[in-house]
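Participant:
There are 2 protein chains.
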Amino acid sequence: MKTPRTGGRRGRVSRRTGTIEKRFDKAWRRWVNPYTPVKQFSDDEIEAIHNAALRILRDIGVKVLCDEARALYTRAGMTAVDEIVRFDPETTIELVRLAPAEVTLHGRGDDREVVVGGANVGVCTTGGTPNFSDIKNGRAPGTLKSLDNFCRVSQSFDVIHMIGPFVEPQDIPTNIRHLEMMKSVVTLTEKVPFVYFRGTEAVADCHEMLRIAHGLGPEEFVNKPVCYSVANSNSPLMLDLLMCRGIIDSAQAGQLMILTPFTLSGAMAPVTLPGALAQQHAEAIAGIALSQIVRPGAPVCYGSFTSNVDMKSGAPAFGTPEYVKAAFASGQLARHLNLPMRSSGVTGSNAPDAQAAYEMEMSLWGALMGGANILLHGAGWLEGGLTASAEKFIMDIEMLQMFAELFKPVEVNEETLGIAAIADVGHGGHFFGTRHTLERFETAFYSPLLSDWSNFENYTERGSVDATMRAYSIFYDTANAHEPPPMDQDRLEELEDFVSRRTREGGANIER
Amino acid sequence: MKTPRTGGRRGRVSRRTGTIEKRFDKAWRRWVNPYTPVKQFSDDEIEAIHNAALRILRDIGVKVLCDEARALYTRAGMTAVDEIVRFDPETTIELVRLAPAEVTLHGRGDDREVVVGGANVGVCTTGGTPNFSDIKNGRAPGTLKSLDNFCRVSQSFDVIHMIGPFVEPQDIPTNIRHLEMMKSVVTLTEKVPFVYFRGTEAVADCHEMLRIAHGLGPEEFVNKPVCYSVANSNSPLMLDLLMCRGIIDSAQAGQLMILTPFTLSGAMAPVTLPGALAQQHAEAIAGIALSQIVRPGAPVCYGSFTSNVDMKSGAPAFGTPEYVKAAFASGQLARHLNLPMRSSGVTGSNAPDAQAAYEMEMSLWGALMGGANILLHGAGWLEGGLTASAEKFIMDIEMLQMFAELFKPVEVNEETLGIAAIADVGHGGHFFGTRHTLERFETAFYSPLLSDWSNFENYTERGSVDATMRAYSIFYDTANAHEPPPMDQDRLEELEDFVSRRTREGGANIER
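Going line by line, the protein sequences match chains A and B.
Reminder that position 336 of the first sequence reads as 1037 in the numbering used here, one-by-one numbering, no gaps.
Reminder that position 88 of the second sequence reads as 789 in the numbering used here, one-by-one numbering, no gaps.
#1: Kindly say whether A:Lys764, judged by its beta-carbon, lies nearer than 7 Å to any beta-carbon of chain B.
#2: Run the CB neighbour count on A:Asn838, radius 10 Å, all protein chains shown included, and call it buried at 16 or more, exposed below.
#3: Hey, quick one: how far does the alpha helix (DSSP H) through B:Val1181 stretch, first residue to last?
#4: Please list, in chain order, the residues of the stretch 1111-1122 of chain B that have any C-beta partner in chain A closer than 7 Å.
#5: Going by Cα to Cα distance, which pick from A:Ile986, A:Leu773, A:Gly828 is closest to A:Arg759?
#6: Shortest alpha-carbon distance to A:Met883 belongs to which of A:Glu1106, A:Ile864, A:Asp1153?
#7: Less than 6 Å between C-beta atoms, sequence neighbours within five positions excluded: which residues of the same chain meet that for A:Arg912?
#8: Counting only Cβ-Cβ distances shorter than 9 Å, please list the residues of the stretch 836-853 of chain B near chain A, keeping chain order.
#9: Here's the rule I'm using: 16 or more other beta-carbon atoms within 10 Å means buried, otherwise exposed. How should B:Asn1210 be labelled?
#10: Counting Cβ pairs, one atom from each stretch, are 3 or more of them under 8 Å apart for the stretch 728-740 of chain B and the stretch 1065-1080 of chain B?
#11: Quick one: measure Cβ to Cβ for A:Thr826 and A:Phe851, integer angstroms, because I've assumed they're closer than 8 Å.
#12: Just to confirm, is the Cβ distance from B:Ala970 to B:Thr961 under 7 Å?
#13: Would B:Ser743 be called buried (16 or more neighbouring beta carbons within 10 Å of its own) or exposed?
#14: Give me the chain A residues within the contact set of B:His1128, using Cβ-Cβ distance strictly less than 9 Å, ordered along the chain.
#15: Please report whether the beta-carbon of A:Lys972 lies at a distance below 7 Å from any beta-carbon of chain B.
#16: DSSP on B:Asp835, reduced to helix/strand/coil?
#17: Output yes if chain B places a C-beta closer than 7 Å to the C-beta of A:Leu1107; else output no.
#18: Under three-state DSSP, which class holds B:Leu1038?
#19: Can you list, in chain order, the residues of its chain with a C-beta nearer than 8 Å to that of A:Leu943? Leave out the 5 residues immediately preceding and following it.
#20: Could you tell me whether the Cβ of A:Glu1195 comes closer than 7 Å to any Cβ of chain B?
#21: From this set, A:Glu984, A:Ala968, A:Ser1165, A:Pro975, which residue's C-alpha is nearest A:Asp941's C-alpha?
#22: Closest by CA to B:Leu1077, which one among B:Ile949, B:Phe1157, B:Ser857, B:Val893?
#23: Going along the chain, which residues of its own chain have a beta-carbon closer than 6 Å to the beta-carbon of B:Glu1084, five neighbours each way excluded?
#24: Is the beta carbon of A:Phe1108 sitting closer than 7 Å to the one on B:Val972?
#25: Could you tell me if the beta carbon of A:Tyr1024 falls within a distance shorter than 6 Å of some heavy atom in the ligand ZN?
#26: Whole-angstrom Cβ separation of A:Ile785 and A:Gly762, contact assumed at under 8 Å?
#27: Counting only Cβ pairs nearer than 7 Å, list the residues of chain A close to B:Met1100.
#28: If you draw a straight line from the alpha carbon of B:Ser1217 to that of B:Asp1189, how long is it in whole angstroms?
#29: Show which residues of chain B have a CB atom less than 9 Å away from the CB atom of A:Gly1221.
#30: When the distance is taken between beta carbons, is B:Thr1021 closer than 7 Å to B:Gln981?
#31: Quick check on B:Glu722: does DSSP put it in helix, strand or coil?
#32: Starting from the Cα of B:Glu1158, find the closest Cα among A:Glu795, A:Thr805, A:Arg798, A:Ala841 and give me that residue.
#33: Cutting at 8 Å between CB atoms, please list the residues of its own chain near B:Tyr1024, excluding the five before and the five after it.
#34: Is there a Cβ from chain A that is less than 7 Å from the Cβ of B:Arg1202?
#35: Who does A:Arg840 pair with in a DSSP beta bridge?
#36: What do you get for A:Thr1135, buried or exposed, if any count of 16 or more other CB atoms within 10 angstroms of its CB means buried?
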């Protein structure tokens, strides 16, 4: 092993306190949700939705546009007629029960694990947006440069555990795009990357790059989840070739697959929430069962993206009350199957403004109080997923950091009850200078990244720079301060060689 | 009884749908929180905080700057030495247990009741801010005109049940300010007004105006709560003359008193959350006990305002993770006493921007999932309470409407599970035109007031008007469309005569 590159691990001067803060040295902030998940429905009602899903699977079935997947289903005891697979309820549930309740994902470095399941939460950045935007340069098709900047900023915040694919770098040809994207993610961050289901070749390329980056042998790789993928069913009740292939490929590779039906209530799912949830549940079960046929115990996650459309325009709406209800209920449905749950941070706003903030908060509270174990689109999502926004990214980091702080347990004991301190201060006094305060004040409260708590006079004197404008500066200051995390020189060379070779070979046969 | 004034009750054209919407005819939207309150602490930990509060009351006591109050306390079994009242735990808790667990407040009109307690929530507007602001005219000292505009807008939204005092109308002399403010509130709205504790005379004036507006006799008034007041203890552990007088006056008048300690952790309360809560609990119990000595069964509410200060500047911080934890815990402490709980919607932002939105959301979620029964400052609060903002008011109304929708129960049955509809649509179809959708789409989903769900192209074509700018327009459009709710002509004349007479008499002897 050669000497690691030195970049990244040196301390840096914090903008706030002037003290040295070794940002990249600290492990990320593990999230353990201390609250009992909120229930949208009674246990009986959840059972009714679950049973409705099984009836849908048995009587209506799922259209499966992949010969291999249909063959796998029938071999496991399902029936297939004219591409429609119908599911025996008992066999199906037995298959789903093979999936683990908890999965540990490994980032690079020993302190970079994410436990998915139970009360644990892994937070991902946004992904899949065609565009990128910031308030100074406006909105433009995604580029590799914009993706790299998101990687840099993501690496710098310890509330981010997993990297979403951010924007589509449309300046890179599709056949080699997955190679360039993965190279950016594994060299600029240490966090758990996302792998698109864009055909077996592209998935295999990404897995190989991750195997190299982690220094694993092929057998080790299959037993160590280091990335995650999302399979979206084509709601209502279809699984297309690409998604089936992805489910099969990731199960074989032992990597985490999140099955997320795209059940927009009123469009691709019933206008009623229980109906949309029954359909979501049916589709999730169908996809997860396929993964377990391929490899019993393959790591999976129950995905929910149920929201509603604006019935006036048909446009999808996000961060709505319906979205929150669906998130609460989806947590219950996932726990009913003893599976981890994925939800998302979302908004339909076109600007990184107050609407973006309150819709994002609604979805975050829905997801996290609903018991989500993976939060997708945790930072950067704007415009219903059509844009990754620099300012929204920083706003979201602030909101996520507040949740991380909220999740910190509070101890009740004689010292924290502070009766002696209260007696010392007496009636009408203040606690500023007391020993009880001085011993604790540095870490007692959340210290914000973006929020400005100065008074109105200072705020206006400094030019009335609002939260969105401040977020712009923080985004680029953070990107510019980034240094790549260390990677063994031989792994880095092997990665670069692999990308060069695959590029010379013409990249992958991409299906979208 | 003469003919009611006709203003207000005619239908108006909705901006959105073109249909006639009889806004002022509909009763307000009753809020019943369907979710089990979130617990911050175990039951044992809550018991420990409760016991710490009783120890504080017994051993340290409360400084009471009012002779009459001290006399009342001692007559009830407490001891008073040099203005310090020390509380016998058992007697104190017995007194608190006399307070009702639920109170019904009456607005004008039979459909204008607010139940406070259990799972019910009453939402108030903001109050007590010296300034008013909008984005076009900036920030200025409050005027009666600005207060009137807030009244008009408040009347128009059915998620607002109670009127906070909004801004201080600094263009009105203090001796008659309470008369003018109350006249605005009772003539421009039908909602439950707030009464300041600014001395016995001013309180009596306000009560008398409300007695007239409701057409009640003196004895009826005392048995029908039609307004609410807040007594803030002077933390730590003091009750000043004005607050003691207010507690006594409102208990005698049978009107709702919310006892809210102003326990900013790190400043007027310990830096540790359990300590701040123990002190809050002690102060709340002390004030509530006084009300029950005056009149057993007097309607009260347990108030929480525990937040933290920015330890760098000493400035109060709002909508923080600490605030949320305090709200969750305060709900538990109030329920421990079998009392309704008050919390608030807050932010420290200087602008109606993204920070204002996410801090407000944090406080709303903390309050409402914590089981708050009265939400103070539900709309309009900005700058840590130094300004009432037009735009923030509308942003808050949107957030409140989303919560009202979230609280609507969802039925699970064969119809809502929609299996037949799913079978009809089949694999890969859509639900837009189905009967199942058409029968429900008009009321299926929340329809926003402020949020813009149009696509980016339409949004930019219309000038990229962000949420704050849209909120400005909605505020003044709504104020301009307002017509006063009806009031019997003789009551109106009696009110006006009363205000004229009291003004001629020199108003009230105001203490602040």
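C-beta atoms are modelled at their ideal positions from N, C-alpha and C, and glycine is treated no differently.
In this text, all values refer to a predicted model and were calculated from it rather than measured experimentally.
Facilitator: Straight from the coordinates:
#1: yes
#2: exposed
#3: Here residue 1181 of chain B turns out to be Asn, not Val, going by the sequence shown. Where B:Asn1181 is concerned, the enclosing alpha helix (DSSP H) stretches over 1168-1182.
#4: Val1111, Val1113, Thr1117, Leu1118, Gly1119, Ile1120, Ala1122
#5: A:Ile986
#6: A:Ile864
#7: Phe922
#8: Arg840
#9: exposed
#10: yes
#11: 7 Å
#12: no
#13: exposed
#14: Ile761, Gly762, Val763, Lys764, Glu784, Ile785, Asn935, Pro937, Leu938, Met939
#15: One detail in the question is off: residue 972 of chain A reads as Val in this sequence, not Lys. Chain B, which has a Cβ nearer than 7 Å to the Cβ of A:Val972, makes this yes.
#16: strand
#17: yes
#18: coil
#19: Phe898, Arg899, Gly900, Glu1212, Arg1213
#20: no
#21: A:Glu984
#22: B:Val893
#23: Asn1051
#24: no
#25: Only the bare structure without any ligand can be found here, which leaves the ligand ZN out of the picture.
#26: 5 Å
#27: Tyr1059
#28: In the structure as shown, chain B starts at 702 and stops at 1213, and residue 1217 of chain B therefore has no counterpart that could be examined.
#29: Because chain A here runs from 702 to 1213, residue 1221 of chain A falls outside it and cannot be looked at.
#30: no
#31: Confidence at B:Glu722 is low in this model, with a pLDDT of 38, below 50, so the placement of that residue is unreliable and no value is reported for it.
#32: A:Ala841
#33: Thr1007, Ser1008, Asn1009, Ala1018, Val1047, Met1063, Ser1064, Gly1067
#34: no
#35: A:Ser834
#36: buried
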